[in-house]
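Residue numbers (the working numbering), protein chains in the order written: chain A, 122 to 543; chain B, 137 to 388. We put the CB at the ideal spot given by N, CA and C, even for glycine. Please read these numbers as outputs of a predicted model, since none were measured by experiment. Report on one structure; see the data block that follows.
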């Protein structure tokens, strides 16, 4: 059973220890305690490296010390001639003697007590990322103001997530910037602008100082931008390695800044602004855009006017123009509407004549009317050719939209009346 | 027709046959027939045929029948209670508006109207053509169309005719400038049953033969001498005005 203290005496102490003996003591104190082992008497045959007789102190399989010879107290006020402290709650003491103790060495007398371990300082590593608080049997970590203790109960982080930036322009910096950013933190921010605007992030090279990548190129601390299914980064190092302006093509961008336990860098600062989403200047054949611009962006409205002879069909209605608006998704409204040639339809039939099949009845097509010769003729000369015009009508130069008229040829008998000679 | 010869309708494709009374007319348009007033004064709903040389009933069944929509008798035509006693044939002209347009072809086509220029005043010795199914020297009327060529004559020639029938006194008849006198040679003349038919003269302004209706068979003191024809040129204004005012754009 673990005890808080105890005594260890070499065999036959205070008489001479026997020859050829080996004895060990397993000391155990309650967990959370270390062991203070001190010798008040040490009288063991001296040999090089204590090869003949010795008392050996082992902790966690490692030798803490090996003693032989005689010791006297170093401090008159203290009986201790030799002492050891281990921050662990177990210790093994091993006494060995060889075949001769001719000079009657008396061995040793040692005592141990459980001592409080200062977990904050007694170990090679610092258990707490910030403040370590020792107490008897343990320790606890604590954090500076505005930090919080992670679930591992040792590291501190900051509550840096949750900010949503909705203003059209803004500036965001890592926690404490330009002072060193907190370790073991994950900061998640969001820029959320009105639909139709893309977030453009600008990071100046000199505004970026994040723990650089390791030899394999992995960033221990990193800054990442996520826009939809696009990711920009991870970025790390001294000086921003990405482009000066990152056009995200999205109105919502997540900013993720992840740090590990180390690093003493100042962090980063970025600026952002909302750029209206551009709509491509699409080529719509046979049309004119108004107003004419080199670039069109969200909420821009253009009037698309079909060239003469072309129209837009909405249902059965033909229109000469339509409006299209650059939408928040970067696409034009009414993009399915196209300017197509006006269709004059089949030429109307006329009495006593016919229109030749024009083949095509679209704008620019030509048809010819003819009369049933020789019994009919066209009332107005040159009125046979009709062009399909831009307003959807077949038009003749002489008659306009009026149809040609085939009138009977008069006064011409198909056979001449000849009188027979009497 | 007195004198003359059998003809084909292709020679006179403007010739219209009136079955009651037996008479003729001249097709001047798809919708209009020109005839003499005395032909239609007693029957303002005449049945007419075109395109047939023969006017036998069985043949007419296959001919192109044309029906009148309305008859326009010249407003100055004098109506009489007893037409048989008529002595005044002045303004003997009428228009018949047809219900349906006539389809033209080799056997049916209109005759031109005279122009308004002086060349269209028929001159004495101008030769004209007449046609019809009217009385001949041998028959009251004929089934097969006949035609004849005859010259224009001075109106005095018509006035001078002394009918063999003593009951007919030429001097009581009215002669006006609205009449053309023609015939007199070799007994070629129009006669009863030919009334309303065209007296066709070749257009002086056309290179290719083309005929206009200079006159309409109107009356005469005696068949086989000189005949009197309504001078169509004098009625051009009335004809065109009547036609224009009574055209139906929907069908034209």
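Residue i and residue j: beta carbons closer than 7 Å?
i	j	result
residue 264(A)	residue 253(A)	no
residue 166(A)	residue 220(A)	no
residue 79(A)	residue 519(A)	Look at the range of chain A in this structure, 122 to 543, and you will see that residue 79(A) is not part of it.
residue 218(A)	residue 140(A)	yes
residue 447(A)	residue 421(A)	yes
residue 140(B)	residue 332(B)	no
residue 176(B)	residue 195(B)	no
residue 321(A)	residue 366(A)	yes
residue 160(A)	residue 203(A)	yes
residue 333(A)	residue 308(A)	no
residue 237(A)	residue 257(A)	yes
residue 442(A)	residue 426(A)	yes
residue 207(A)	residue 155(A)	yes
residue 493(A)	residue 473(A)	yes
residue 244(B)	residue 152(B)	no
residue 297(B)	residue 221(B)	no
residue 180(A)	residue 130(A)	no
residue 312(A)	residue 286(A)	yes
residue 137(B)	residue 268(B)	yes
Alpha carbon to alpha carbon, how far is residue j from residue i? Give it in angstroms, no decimals.
i	j	result
residue 191(B)	residue 342(B)	32 Å
residue 126(A)	residue 191(A)	24 Å
residue 523(A)	residue 482(A)	17 Å
residue 348(B)	residue 534(A)	11 Å
residue 388(B)	residue 530(A)	Here the model assigns residue 388(B) a pLDDT of 43, short of 50, so the residue's position is not dependable and the matter cannot be decided.
residue 543(A)	residue 322(B)	Low confidence applies to residue 543(A): its pLDDT is 47, below 50, so where it sits in the model is not reliable, and the reading given next is rough at best. Taking the straight line from one Cα to the other gives about 11 Å.
residue 479(A)	residue 527(A)	19 Å
residue 539(A)	residue 285(B)	9 Å
residue 385(A)	residue 301(A)	5 Å
residue 368(A)	residue 244(A)	50 Å
residue 381(A)	residue 278(A)	10 Å
residue 324(A)	residue 392(A)	6 Å
residue 174(B)	residue 464(A)	56 Å
residue 372(A)	residue 338(A)	30 Å
residue 327(A)	residue 293(A)	15 Å
residue 201(B)	residue 457(A)	59 Å
residue 209(A)	residue 124(A)	14 Å
residue 169(B)	residue 163(B)	4 Å
residue 436(A)	residue 455(A)	13 Å
residue 310(A)	residue 451(A)	25 Å
residue 320(B)	residue 273(B)	15 Å
residue 631(A)	residue 378(A)	In this structure chain A extends from 122 to 543, so residue 631(A) is not present and cannot be described.
residue 509(A)	residue 515(A)	4 Å
residue 147(B)	residue 440(A)	57 Å
residue 369(B)	residue 513(A)	45 Å
Using CA coordinates, which residue listed in the options is at the minimum distance from residue i?
i	options	result
residue 122(A)	136(A), 151(A) and 500(A)	151(A)
residue 310(B)	270(B), 208(B) and 214(B)	214(B)
residue 466(A)	196(A), 286(A), 143(A) and 511(A)	511(A)
residue 383(A)	143(A), 303(A), 308(A) and 309(A)	303(A)
residue 318(B)	334(B), 297(B) and 290(B)	290(B)
residue 163(A)	328(A), 232(A) and 477(A)	232(A)
residue 476(A)	255(A), 507(A), 497(A) and 449(A)	507(A)
residue 363(A)	344(A), 371(A), 296(A) and 373(A)	344(A)
residue 365(B)	380(B), 314(B), 375(B) and 329(B)	314(B)
residue 281(B)	164(B), 270(B) and 173(B)	270(B)
residue 181(B)	345(B), 273(B), 171(B) and 205(B)	205(B)
residue 145(A)	157(A), 136(A), 132(A) and 439(A)	132(A)
residue 305(A)	268(A), 201(A), 195(A) and 193(A)	268(A)
residue 353(B)	212(B), 346(B), 288(B) and 236(B)	288(B)
residue 294(B)	184(B), 198(B), 212(B) and 358(B)	358(B)
residue 376(B)	157(B), 167(B) and 145(B)	167(B)
Under the criterion of a Cβ to heavy atom distance below 6 Å, does residue i qualify as lining the ligand COA?
i	result
residue 439(A)	Inclusion of the ligand COA in the displayed structure is not the case, the ligand content being empty and no account of it being possible.
Exercise for the section: Taking only runs that begin and end inside the stretch 306-373 of chain B, name each unbroken beta strand (DSSP E) of 3 or more residues, in chain order. Expected result: 315-319, 334-338, 347-355 and 362-367
Exercise for the section: Would you check if the stretch 421-436 of chain A and the stretch 349-366 of chain A touch, i.e. whether three or more CB-CB distances between them fall below 8 Å? Expected result: With a cut-off of 8 Å, the stretch 421-436 of chain A and the stretch 349-366 of chain A do not count as touching, because too few Cβ pairs lie within range.
Exercise for the section: Would you list, in sequence order, the uninterrupted beta strand (DSSP E) runs of no fewer than 3 residues that lie entirely inside the stretch 128-175 of chain A? Expected result: 142-149 and 154-165
Practice task
Indicate whether the contact test is met: 3 or more Cβ pairs, each with one atom in the stretch 211-228 of chain B and one in the stretch 261-281 of chain B, closer than 8 Å.
Solution key: no
Exercise for the section: Report the residue ranges of all beta strand (DSSP E) runs contained in full by the stretch 195-261 of chain B; include only those spanning at least 3 residues, in chain order. Expected result: 200-209 and 230-234, all fully within the stretch 195-261 of chain B.
Handout entry: Contact the stretch 170-187 of chain A vs the stretch 268-279 of chain A: 3+ CB pairs below 8 Å
Key = no
Problem - 3-residue-minimum beta strand (DSSP E) runs that sit fully inside the stretch 273-307 of chain B, ordered along the chain - result: 282-289
Handout entry: Cβ contact check for the stretch 481-497 of chain A and the stretch 397-415 of chain A: 3 or more pairs under 8 Å
Key = These segments do not touch.
Handout entry: Sequence ranges, alpha helix (DSSP H) only - wholly within the stretch 363-395 of chain A, length at least 4
Key = none
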